[in-house]
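In what follows, a single structure is set out as structure tokens and then discussed.
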Amino acid sequence: MPIYHAPIKDMQFILHNLLKVSEQEIPGFDELDRDFTGAVLEEAGKVATEVLLPLNAVGDTEGCVLENGIVRTPTGFDKAFEAMKQGGWTAMDCDPDYGGQGLPYVMHTAAQEAFVSANMAFNMYQGLTHGAYTAIHIHGNDEQKQKFLPKMVSCEWTGTMNLTEPHCGTDLGLMRTKAEPQDDGSFKITGQKIFISAGDHDLAENIIHLVLAKIPGGPDGIKGVSLFIVPKILVNDDGSLGERNAVSVGKIEEKMGIHGNSTCVMDYDGATGYLIGEEHKGMRAMFTMMNEARLGVGLQGYAQAEIAYQNAVAYAKDRLQGRAVTGAENPDGPADPLIVHPDIRRNLMDQKSFVEGARAFTYWGASLIDRSHKTGDAQAEGLISLMTPVVKGFLTDKGYEYATAAQQVYGGHGYIEEWGMSQYVRDARIAMIYEGANGVQALDLVGRKLAQDGGKHVMAFFEMVKTFISDNKGDDAFEKDFLDPLKAASKDLQAAGMYFMQNGMKNPNNALSGSYDFMHMMGHVCLGLMWARMAKAAQEALDAGDSDTAFLETKIATGRYYMARQLPATGMHLARINSGAETVMALDAANF
Ligand SMILES: Cc1cc2nc3c(=O)[nH]c(=O)nc-3n(C[C@H](O)[C@H](O)[C@H](O)COP(=O)(O)OP(=O)(O)OC[C@H]3O[C@@H](n4cnc5c(N)ncnc54)[C@H](O)[C@@H]3O)c2cc1C
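Number 108 in the working numbering belongs to position 106 of the sequence shown; there are no gaps in the numbering.
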């Protein structure tokens, strides 16, 4: 059976040595001392390993089944969901006014990582609910909040997000679902949504669907889209459950991975819905929760790579094949373990250095969300808005790549289902697609975010890198191993930005042909910055006499690997960007 142990030491290192959370002047962060976060993460890790992990393969093999109009989740999901609710894990960062614990989002993020690594498909039931909770919390009126949020915080009722239709996914302006106003202020929702995660299931007594639809007579395209609450079972004024609403499951999709999560076609046949926020401002309501939702998907990417990595390491230490080129390391055995071979080491170092860098990047992003929400800091808001497509696009692309790399460590056994590695690859794949496919994330980054507020946020990011480099000069080894590569990569990124400025106006294809490379470049620079900061934090801890020298020295060595072997990828991406659109667009469509 696959293993998983929440990487609590690393989580704690990032929270305390890197982000120094308890020293940050953000309301609620003063409570995050090392003992408290350690206790919470220990518990989360226990739930992940003992409750969720054993159900991961069960969910994969059994999948969900549609029976008499109701979706049945895999065996054991109901008990595990109950355990998550009872443990308060669904309510961690939710508003105490609605039954939440009010903890910082960064803490929720760290706990979520363990749950997602152990069982991504299962965790989506509460993940989607959290997204729907956030939309209602930010945009709903008081009555809606009182009526729906307490039950969603506790996950007695779960939530969904309904954007996609058969003919429109990325281009939501093409949407056809209609919302007709009724005399009592409600709307009748009619249309079909597809691919709706957790669209129906047997884990909760009610499901609160958030549905995008168009009110007839409104503006064309995306500007005419509004957001509605459509409960599966209507809720009476006193909060009790009323009649069944006119929403049903058309079918559940057969798919490549996340089999334990029901992906549903949802049919709305004049279902009663309630407008959230203003008419025709549905996309704005969606976008305010995008930073969180996309950070959550980026987390799915690296969390799958993390569990795949843990298993690959165990296998590489156990499986005996061949001899070390420098002489037998297991002379009494028939062969040496795989881990002696440099190419296996390269593979494992790629995985390890990515996952730990991604974790730091994600928690940093989560702390920016806390800062912007709790202090109104516009710079933090601008920075996380800039970083969101990078977290989502880069971490999910690489998460999938490294889940596959971990599978490779197993050779043919990685391809055989019984070892579990294939599931991580299959599950990780969807994170590159939903919540805005990664190509569209790159488009958002280059087409919108770079120029946002006059380019202020990207300039602030470059300044942050520059300041870190100039503030930390003086140690030759640190300069050579960390600062010089970071400087070179940041220079590549700036040169790419310059190329877009000089050539993108002339021909927008020049910018958009390079957008994917730019997203990856920026991802590398962000992880490079995280690694330089982590290495510095590890050295500081060593200098201060921290006794966990093995962990801290490993941290520095892993960072040196990232800077030497991963960060130089920015040079290749820059070369591609500088070659412009010509070769990309050279063929007529007929010649493909
Ligand atoms: C398992 C699963 C779960 C899902 N869960 C949900 C959910 O809960 N709620 C929900 O609403 N949706 C959900 N989705 C839908 C998902 O968000 C969409 O599939 C996704 O946004 C892409 O839309 P599409 O499939 O229509 O692809 P299209 O929009 O047709 O895009 C196809 C390809 O073209 C690219 N592309 C499109 N436009 C452009 C452009 N202008 N420039 C460059 N490239 C472009 C895209 O990047 C993509 O690679 C889910 C999908 C799956 C498979």
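Heads up, the beta-carbon is just placed ideally off N, CA and C, and yes, glycines get one too.
| request: Helix, strand or coil for K489, going by three-state DSSP, please let me know. | output: helix
| message | Tell me which residue opens and which closes the beta strand (DSSP E) that D271 is part of. | response | 265-278
| field | Simplified DSSP assignment, three categories, for N593 | value | helix
| task | Measure from the alpha carbon of A490 to the alpha carbon of each residue in P570, V448, V315, L445, then state which is nearest. | result | P570
| message | Taking the alpha helix (DSSP H) that P152 belongs to, which residues open and close that run? | response | 144-155
| query | According to the Cβ coordinates, are L214 and G303 closer than 7 Å? | reply | no
| task | Ignore the nearest five residues each way along the sequence and tell me which others in P221's own chain have a CB closer than 8 Å to its CB. | result | H282
| request: List the endpoints of the continuous beta strand (DSSP E) containing H522. | output: Here H522 belongs to no beta strand (DSSP E); instead the alpha helix (DSSP H) covers 517-545.
| message | Please tell me whether, using a cut-off of 6 Å, the distance from the CB of S199 to the nearest non-hydrogen atom of ligand 1 is below it. | response | yes
| task | Let me know the secondary structure DSSP gives R246 once reduced to three states. | result | strand
| In terms of alpha-carbon separation, which member of S549, A583, T572 lies closest to N509? | A583
| To the nearest whole angstrom, what separates the beta carbons of H343 and G324, a pair I think is in contact under 8 Å? | 7 Å
| Can I432 be considered in contact with ligand 1, in the sense that its beta carbon sits closer than 6 Å to one or more heavy atoms? | yes
| task | Note down, in chain order, each residue of its chain lying with its Cβ closer than 8 Å to the Cβ of E555, except the 5 sequence neighbours on either side. | result | A540, L544
| Who are the near neighbours of M291 in its chain, counting only those whose CB is closer than 8 Å to its CB and skipping five residues on each side? | G133, T136, A137, I140
| Residues that S199 bridges to, as DSSP identifies them | T265
| Is it the case that the CB of Y436 approaches a heavy atom of ligand 1 more closely than 6 Å? | yes
| Quick one: what's got a C-beta closer than 7 Å to L495's C-beta in the same chain, skipping five residues either side? | M523, M524, V527, T572
| field | Through-space distance from K400 to G345, alpha-carbon basis | value | Looking at the sequence provided, one finds Asp at residue 345 rather than Gly. Each residue's Cα considered, the two are about 19 Å apart.
| Option in E358, V460, Y563, L529 with minimal Cα separation from I10 | E358
| What are the complete alpha helix (DSSP H) segments, minimum 4 residues, inside the segment 346-431? | 380-411
| message | For a quick check, are the C-beta atoms of H110 and D99 less than 7 Å apart? | response | no
| query | Any heavy atom of ligand 1 within a distance shorter than 6 Å of the CB on T166? | reply | yes
| request: Locate the beta strand (DSSP E) running through K180, then write down its first and last residues. | output: 180-183
| field | Residues that DSSP places opposite A215 in a beta bridge | value | S228
| task | Could you spell out where the beta strand (DSSP E) holding L68 opens and where it closes? | result | 67-69
| message | At the level of alpha carbons, what is the spacing between A405 and L350? | response | 11 Å
| Is any heavy atom in ligand 1 found nearer than 6 Å to the beta carbon of A50? | no
| task | Can you have a look at K593 and say buried or exposed, based on whether 16 or more other CB atoms are within 10 angstroms of its CB? | result | A quick correction: the sequence has Asn, not Lys, at residue 593. Answer is exposed; the Cβ neighbour count stays below 16.
| query | Quick one, which of A305, S369, Q443, P391 has its alpha-carbon nearest A382's? | reply | S369
| query | Cβ of A50 within 7 Å of Cβ of A123? | reply | no
| query | Using a Cβ-Cβ cut-off of 7 Å (strictly less than) and excluding sequence neighbours within five positions of A337, which residues of its own chain qualify? | reply | L322, Q323, G324, R325
| Expressed to the nearest angstrom, what Euclidean distance is found between the alpha-carbon atoms of V327 and Y417? | 27 Å
| task | Measure the alpha-carbon distance for L297 versus Y563 and round it to whole angstroms. | result | 25 Å
| query | What residues are listed by DSSP as bridge partners for I72? | reply | E69
| message | Does Q14 come out as helix, strand or coil in the three-state DSSP assignment? | response | helix
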